[in-house]
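Please read the structure below before turning to the comments.
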Amino acid sequence: MLVTDGGMATALEARGHDLSDALWSARLLIDAPSEITAVHRAFFAAGADVAITASYQASFDGLAARGVDTAGAERLLRRSVELARAAVPADGRRRWVAASVGPYGAVLADGSEYRGRYGLSVAALRAWHRPRMEALAAAGPDLLALETVPDVDEAEAVVGALAGLGVPAWLSYSIDGDRTRAGQPLADAFAVAADVPEIVAVGVNCCAPADVPAAVALAREITGKPAIAYPNSGEGWDAGARAWAGPSCFSGADARRWVSEGARIVGGCCRVGPADIAALAEVLGSSGKPHSGPTKP
Numbered sequence: 001m002l003v004t005d006g007g008m009a010t011a012l013e014a015r016g017h018d019l020s021d022a023l024w025s026a027r028l029l030i031d032a033p034s035e036i037t038a039v040h041r042a043f044f045a046a047g048a049d050v051a052i053t054a055s056y057q058a059s060f061d062g063l064a065a066r067g068v069d070t071a072g073a074e075r076l077l078r079r080s081v082e083l084a085r086a087a088v089p090a091d092g093r094r095r096w097v098a099a100s101v102g103p104y105g106a107v108l109a110d111g112s113e114y115r116g117r118y119g120l121s122v123a124a125l126r127a128w129h130r131p132r133m134e135a136l137a138a139a140g141p142d143l144l145a146l147e148t149v150p151d152v153d154e155a156e157a158v159v160g161a162l163a164g165l166g167v168p169a170w171l172s173y174s175i176d177g178d179r180t181r182a183g184q185p186l187a188d189a190f191a192v193a194a195d196v197p198e199i200v201a202v203g204v205n206c207c208a209p210a211d212v213p214a215a216v217a218l219a220r221e222i223t224g225k226p227a228i229a230y231p232n233s234g235e236g237w238d239a240g241a242r243a244w245a246g247p248s249c250f251s252g253a254d255a256r257r258w259v260s261e262g263a264r265i266v267g268g269c270c271r272v273g274p275a276d277i278a279a280l281a282e283v284l285g286s287s288g289k290p291h292s293g294p295t296k297p
């Protein structure tokens, strides 16, 4: 059993940072890298075993729009892994660094990562993702987090782009009920990873906590692989007001059911902070215990 961290952006905003820039939390790879390390440290102190890097919104295209050339973008992607690695406590306990690979729509910064269906072919998406996946893999993470994937086409693209990188990965969809954000059945979505040795876990993130149990059970059934679940707090995003609304329903106690349905990596996503991860780790009894984790294929 491994516990991931929570929302990097949530924790950075709590520290006073404005993340309205198109690069979102990746902006601080340029402007305030020490703040990213501080957030990683806070989540490790809360009991997380896995740090997810601040590279979700980072891409060659997005960084070019900020005047960063290809070599500079490669350095920033590498920095995201180095910052997470630097935050690992020297306490003898094993921790993992997962390099975040967000969906194509995240770079558009128009909400399309929650819809999918970009009008691009699988081959075009693979060609777009592969260079940054190569840059992240070269930085030496323990695995790649192919996360918040809204659509089966994009899943096929990122899974296909893993070939030859020599780094394991998890594949995690953003979902709405029993379907991807693009409306495809989850059984079809999870099947993309079933026979791919590089994929060591399959599941969901950036979704409602209530959607997790059925999804992780299905992921386990379809793929036979360990499931992963790191949902949002349960608050809803009001696009008009550009604000979160409603109550949080993220509960460490809920994670017991996720585990009973097959989840072996659990944590939180948007609006889930270090205190929430501490509660989850406490409920699961994982804080301070040794773990086995992903291995390279």
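Numbered per the UniProt record's numbering, the sequence shown spans residues 1 to 297. Glycine residues also receive a C-beta, built at the ideal position from the N, C-alpha and C atoms. Please read all numbers here as calculations on a predicted model, not as lab measurements.
Which first and last residues belong to the beta strand (DSSP E) in which L19 is found?
Your numbering for residue 19 matches position 19 in the sequence shown. Element bounds for L19: n/a, residue is neither H nor E.
Please report the Cβ distance between P209 and C249, rounded to the nearest whole angstrom; I am assuming they are in contact, meaning their Cβ atoms lie under 8 angstroms.
Position 209 of the sequence shown, counted from the first residue, corresponds to residue 209. Position 249 of the sequence shown, counted from the first residue, corresponds to residue 249. Indeed they touch by this definition, with Cβ atoms about 6 angstroms apart.
Indicate the three-state DSSP secondary structure (helix, strand or coil) for D176 in the structure shown.
Within the sequence shown, the letter at position 176 stands for residue 176. Strand, per DSSP.
Length at least 4, wholly inside the region 140–219: the alpha helix (DSSP H) runs in chain order
152–160 and 186–191
Environment of E221 [buried if 16+ CB atoms lie within 10 Å]:
Taking the sequence shown and counting its residues from 1, one reaches residue 221 at position 221. Its Cβ having fewer than 16 others within 10 Å, E221 is exposed.
N- and C-terminal bounds of the alpha helix (DSSP H) containing S260:
To locate residue 260, count along the sequence shown from 1; it is residue 260. Unbroken alpha helix (DSSP H) run through S260: D254 to S260.
What three-state label does DSSP hand A281 in the structure shown?
Taking the sequence shown and counting its residues from 1, one reaches residue 281 at position 281. It is helical.
Pick out whichever of A263, H129, A84 and V97 has its Cα sitting closest to the Cα of G105.
To locate residue 105, count along the sequence shown from 1; it is residue 105. Taking only the C-alpha atoms, the option nearest G105 is H129.
Three-state class that DSSP yields for R27 in the structure shown
Position 27 of the sequence shown holds residue 27. Reduced to three states, the DSSP call for R27 is helix.
Measure the C-alpha to C-alpha separation of A217 and A201 and round it to an integer number of angstroms.
Locating residue 217 in the sequence shown gives position 217, counting from the first residue. Locating residue 201 in the sequence shown gives position 201, counting from the first residue. Going by the C-alpha atoms only, they are around 13 angstroms apart.
Check whether R179 and L171 have beta carbons under 8 angstroms apart:
For the purposes of this step, residue 179 is taken as residue 179 along the sequence shown, with counting starting at 1. For the purposes of this step, residue 171 is taken as residue 171 along the sequence shown, with counting starting at 1. Contact annotation: R179 and L171 have beta-carbon atoms that are not nearer than 8 angstroms.
In three-state DSSP terms, what is A229?
In the sequence shown, the residue the question calls residue 229 occupies position 229. The answer is strand: DSSP assigns A229 an E or B state.
Neighbourhood of A65 by C-beta, 8 angstroms cutoff - its chain only, sequence neighbours within 5 removed:
Within the sequence shown, numbered from 1, the residue matching residue 65 stands at position 65. Contacts found: A22.
Any idea if E154 is buried or exposed, counting beta-carbon neighbours within 10 angstroms, 16 or more meaning buried?
Numbered from 1 along the sequence shown, position 154 holds the residue referred to as residue 154. With 16 or more Cβ atoms within 10 Å of its Cβ, E154 is classed as buried.
G175 and A215 closer than 8 angstroms at C-beta
If you number the sequence shown from 1, residue 175 lands on position 175. If you number the sequence shown from 1, residue 215 lands on position 215. Reading off the sequence, residue 175 comes out as Ile, not Gly. Yes, they are a contact pair.
Would you decide whether G236 is buried or exposed? Buried here means 16 or more other CB atoms lie within 10 Å of its CB.
Here residue 236 corresponds to residue number 236 of the sequence shown, with the count starting at 1. Exposed.
Through-space distance from R115 to P150, alpha-carbon basis
The sequence position of residue 150 within the sequence shown is 150, counting from 1. The sequence position of residue 115 within the sequence shown is 115, counting from 1. Whole-angstrom Cα-Cα distance: 6 angstroms.
Does F268 pass the burial test, meaning 16 or more other C-beta atoms within 10 Å, or should it be called exposed?
The residue you call residue 268 lines up with position 268 of the sequence shown. In the sequence as displayed, the identity of residue 268 is Gly instead of Phe. Classification of G268: buried, given that the 10 Å Cβ count is 16 or more.
If I measure Cβ to Cβ from H40 and keep anything under 6 angstroms in the same chain, skipping five residues before and after, which residues do I get?
For the purposes of this step, residue 40 is identified with residue 40 of the sequence shown, where counting begins at 1. If we look at H40 and ignore the five residues flanking it on each side, its Cβ neighbours are A51, A84 and A87.
Is G72 helix, strand or coil by DSSP?
Looking up residue 72 in the sequence shown gives position 72. It is helical.
Looking at the strands, I want to know which residues DSSP matches up with T4.
For this step, residue 4 is matched to residue 4 along the sequence shown. V50, per the DSSP bridge assignment.
Boundaries of the beta strand (DSSP E) in which V101 is found, first to last residue:
As a working mapping, residue 101 is identified with position 101 in the sequence shown. Looking at the DSSP string, the run of the beta strand (DSSP E) that includes V101 is W96 to V101.
Determine the closest residue to residue 322 out of V158, A193, A11 and G67, with distance taken between C-alpha atoms.
The shown model of the chain, from 1 to 297, leaves out residue 322, and the question about it has no answer.
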